[in-house]
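Asker: Input: one structure, supplied below.
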Ligand code: HEC
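Residue numbers (the numbering used here): 23 to 137.
Here is the structure:
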């Protein structure tokens, strides 16, 4: 067998890396879309974009996805206690939680100094 042409091998690796980056970008985009739909259940308190509309409700927009998944899992397991959020988190699957977190994390937030 002839030795592999290093140019072709290099090119193939580049194409493969590009393809897998595309796949993971698409997977994230799918999670964000699914999360947006599921987040309708949260909008009455957290607002449609995760900027809270109910009193004593935190903003979710732009929070790190890791933070959001950890909090939702904690409400679901009872490690973090809150009457309303326990009820909201109970039926969520791991996939639901990841999608919701991807959506709220993806919302762009701008902060500016008040003065
Ligand atoms: C009826 C109002 C209400 C609804 C509906 C609701 N939440 Fe909440 N949520 C709250 C309140 C109030 C808190 C603050 C709870 C606490 O003090 O721990 C909270 C807290 C959270 C937190 C923790 C935020 C932080 O900064 O630590 C997350 C994450 C969250 N909610 C996600 C969701 C998601 C996802 C949904 C929809 C599936 C949802 N919530 C639906 C009222 C609501």
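Cβ coordinates follow ideal geometry from the N, Cα and C atoms, glycine included.
For the ligand HEC, any of its heavy atoms closer than 6 Å to the Cβ of residue 106?
Answerer: yes
Asker: Are residue 57 and residue 114 touching if we call contact CB-CB under 7 Å?
Answerer: no
Asker: Using a Cβ-based criterion (distance less than 6 Å to any ligand heavy atom), does residue 78 qualify as near the ligand HEC?
Answerer: yes
Asker: Which one of 107, 79 and 129 has the shortest CA to CA distance from residue 68?
Answerer: 79
Asker: Short check: CB of residue 124 to CB of residue 55, under 7 Å?
Answerer: No. Outside cutoff.
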